[in-house]
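K.L.:
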Amino acid sequence: MLRGDLANELARRIADAAKEAFSLDITLQQAVIRPSTPDRGADYQSNAAFGLAKKIGISPRETATRITEHFHTGDMLDPPEVSGAGFVNLTLQDTWLAHHIEALATDKRLGTPEVPTPQRIIVDYSGPNVAKEMHVGHLRSTIIGDSLTRLLRFQGHEVVPQNHLGDWGTPFGMLIEHLSEKARETSKGETGNSTPTHSTQSNIADLNVFYQEARQKFDADPEFADRARTRVLALQSGDQKTQSLWKDLVAESERHFQEVYDLLHVDLTPENARGESFYNQYLPGIVAELEEKNLAVMSEGAVCVFPDGFTNGDNTPVPLIIRKSDGGYTYDTTDLGALRFRAQKLAASQIFYVVGTPQRLHFKMVFATAQQAGWLTENMRAEHIGFGSVLGEDGKILRTRAGGSVKLMDLLREAIDRATVILAERSELNAQERQDVAHAVGIGAVKYADLCNDREKDYVFSWKRMLAMEGNTAVYLQYANARIKSVVRKSNSKVPADTSIVFAHPAERNLAIKLSRFPAAIEATTTGREPHKLCNYLYETATAFSGFYENCPVLHPENEELRASRLMLCALTSNIIEKGLDLLGIEAPARL
RNA sequence: GCUCCCGUAGCUCAGCAGGAUAGAGCAACCGCCUCCUAAGCGGUAGGUCGCAGGUUCGAUUCCUGCCGGGGGCGCCA
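Counting from 91, one number per residue, gives the positions in the first sequence under the numbering used here.
See the structure below:
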């Protein structure tokens, strides 16, 4: 078997042995294959005997022994050994492992199988607000969503990213009114001969300042507030002048978003953007359909859905308000509209929402409602991929010293600046080359620090740790890869395809085992939508490489066979690290 | 009040379809550059896995309760 998790093959053999020994059919799960705990002299172990022993009525140890007696090693494994209370230790044969590595070295997919039935999957991520600068609150959604998109595509799925922009709602009345006034002031101040250029760009140099100005006016000036409210109505009723100003606002914001995405190397474009406003056209229909299906009812003047299974302890049902008593719609309605659109018009079979965990209840209720309405089915699933908050070193939500939200642009620039300083201290590259590398290192550090923690938990943002010269960081991986690249460069030779892998030192075999587990890492990462598992795998692999690098001279070994073998290990390791980093959305410079 | 999540080394985190002596990285201490990038490697020290019960041959992992922290809960999105 070239592609797939080796553990599956081992599980099959354990299952076969169990069948022969006890005439029992067990699943691959029940074979309980795990990578063996280190320093126990085995590559994998099966813990199947413990579960089986009870059914059969003999001791786990005896069960394990019977399994080993019927186990077919083929040329893949050494004879299995029983150990402890009933563990079956499995060790790959060196020659088999060597041939396997040789095959992986020439496999484009590095042993990773494509999914048998590709699906169209919507991934909803990033979702910044128009007329506001992107801030750390958007960081995780953007980074995790991007990585998931890459992972799913690598598996062979068709991914349709959707950037659900916050481009609608009552604040837009005040923003548009403010924009309108600023435009008037500017044109008054300009001299007659100046070309009446499209003025919005200069008017909104800083989106946050712009928003704050509008808010201040709204709070301080009742007449302005009135005009703002009128604007909301004008916007909703499609007033042309108002619509045009709104579009300017959206366009200007999208330019800003694009800058951030470019800096992050996140492949989101305006084509992926469908703002909340897009779904306005469907909202009355959503309410009507839910009423028709007897899912929506009037309650305290509002139209509500009370999906099954959501009560507030005292058995009062929890509502999804889909039309307010004033006739307006809420994000409950919009999310239902977006979901129906994605399921029906975009014909997705899965919809992933990469949104923070505080929204968990909301999505549960939206999905439950969509199920009752028939928009979601067995073959049309939605999944909330929640994530925790970014905390400051004080353990509270990350903020600036002034207490404001941290602008994403500032944060990313600082990451690059800090990387630049570090490179200046120790890089072998010239100033010109260092620029690109500083970008890769700085942005990589931010992304990796985010992705390497359990997605659902909060994590503490620390420059010191993420840009640390040592430890489990993006730089460590990038550095390991750069060293490999350097060796390969200096070898001045291509690795011949007919190279034989030989294990002369334990570090080589140790590395080989890690390399063979790339498919398992991808599998675990995608099924759980947990990028940190890929991070952990890459870190372990890079560590294994460091051990190899310390102990195994590549360019000047004892003989030519070793040189070729080691170069092949180098090349494969580099390919895996680069592919892994790529799936995390992180660049791997050839030199540091 | 109801509800969800979290609590593992001094710090930051893995591990948790129950399984062998609980792993990393920082920080501390001790070593290793006439040799492929020392942003590296090896070693020492550091843990009642919040507390108490329960299920089990076996629990950091599953269940219950408690303590501590955070989030969410009808007209913001």
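By construction, the Cβ of each residue, glycine as well, lies at the ideal position given by its N, Cα and C atoms.
Thinking C-beta only, is P218 closer than 8 Å to G259?
P.N.:
No, these two residues do not count as a Cβ contact at 8 Å.
K.L.:
Sort out for me which residues DSSP pairs N253 with in a bridge.
P.N.:
A363.
K.L.:
Hey, how far is the Cα of N571 from the Cα of Y639?
P.N.:
Distance between the alpha carbons of N571 and Y639 is about 11 Å.
K.L.:
Taking the straight line between their C-alpha atoms, what separation do you get for H190 and P596?
P.N.:
If you take the alpha carbons of H190 and P596, they lie about 17 Å apart.
K.L.:
Pull up the DSSP beta-bridge partners for T401, would you.
P.N.:
Note: T401 sits in a beta bridge opposite P407.
K.L.:
Fully enclosed by the segment 95-137, which alpha helix (DSSP H) runs are 4 residues long or longer?
P.N.:
Whole alpha helix (DSSP H) segments, 4+ residues: 96-112.
K.L.:
Measure the C-alpha to C-alpha separation of H646 and R656 and round it to an integer number of angstroms.
P.N.:
Their Cα atoms are separated by approximately 10 Å.
K.L.:
For I104 and A121, which I take to be in contact (beta-carbon distance under 8 Å), what is that distance rounded to the nearest angstrom?
P.N.:
Confirmed, Cβ separation roughly 4 Å.
K.L.:
Would you report the Cα separation of L269 and H355, rounded to the nearest angstrom?
P.N.:
Answer to the nearest angstrom: the Cα atoms are 31 Å apart.
K.L.:
Assess contact between the segment 231-240 and the segment 389-396, defined as three or more Cβ pairs (one per stretch) separated by less than 8 Å. Is contact present?
P.N.:
Flag = no, the segment 231-240 and the segment 389-396 do not touch.
K.L.:
If you check the beta carbons only, do S136 and I146 fall under 8 Å apart?
P.N.:
Going by C-beta atoms, S136 is not nearer than 8 Å to I146.
K.L.:
Below 8 Å, can you find three or more Cβ-Cβ pairs linking the segment 598-615 to the segment 192-210?
P.N.:
Yes: the two stretches touch, three or more of their Cβ pairs being nearer than 8 Å.
K.L.:
What number of angstroms, rounded off, separates the C-alpha of I266 from the C-alpha of Q306?
P.N.:
Approximately 14 Å, taken between the alpha carbons.
K.L.:
So M388 is in the beta strand (DSSP E); what residue range does that whole segment cover?
P.N.:
M388 -> beta strand (DSSP E) spans 386-389.
K.L.:
Please determine if the segment 400-418 and the segment 444-460 are in contact, where contact requires at least 3 C-beta pairs separated by less than 8 Å.
P.N.:
Yes, the segment 400-418 is in contact with the segment 444-460.
K.L.:
Assign K537 to one of two classes, buried (16 or more other C-beta atoms within 10 Å of its C-beta) or exposed (fewer than that).
P.N.:
By the 10 Å Cβ count, K537 comes out buried.
K.L.:
Enumerate, from N- to C-terminal direction, the unbroken alpha helix (DSSP H) stretches of 4 or more residues contained entirely within the segment 456-540.
P.N.:
Runs found: 498-516.
K.L.:
Between Q119, F244, R681, which has its C-alpha nearest K669's C-alpha?
P.N.:
The option with the nearest alpha carbon to K669 is F244.
K.L.:
Using the Cα positions of T153 and P125, report the straight-line distance between them to the nearest angstrom.
P.N.:
About 20 Å.
K.L.:
Quick test of your reading: P203 and R93, contact by CB under 8 Å. State the CB separation rounded to the nearest angstrom.
P.N.:
4 Å between Cβ atoms; contact.
K.L.:
Given Y566, which residues of its chain have a CB within under 8 Å of its CB, disregarding the five upstream and five downstream residues?
P.N.:
Closer than 8 Å at Cβ, skipping near neighbours: E560, Y629, A632.
K.L.:
Could you say which of Q183, I157, G493 lies nearest to D168 if we only look at CA atoms?
P.N.:
Comparing Cα positions, the closest option is Q183.
K.L.:
Taking DSSP as the reference, what is the three-state secondary structure of C660?
P.N.:
Reduced to three states, the DSSP call for C660 is helix.
K.L.:
Taking the alpha-carbon positions, what's the L100 to R489 distance?
P.N.:
One C-alpha to the other measures close to 50 Å.
K.L.:
Throw me the rounded Cβ distance for the I475 and L481 pair, which I believe falls under 8 Å.
P.N.:
That pair is no contact at about 20 Å.
K.L.:
From this set, A558, A438, D500, which residue's C-alpha is nearest I512's C-alpha?
P.N.:
Here the closest residue by C-alpha is A558.
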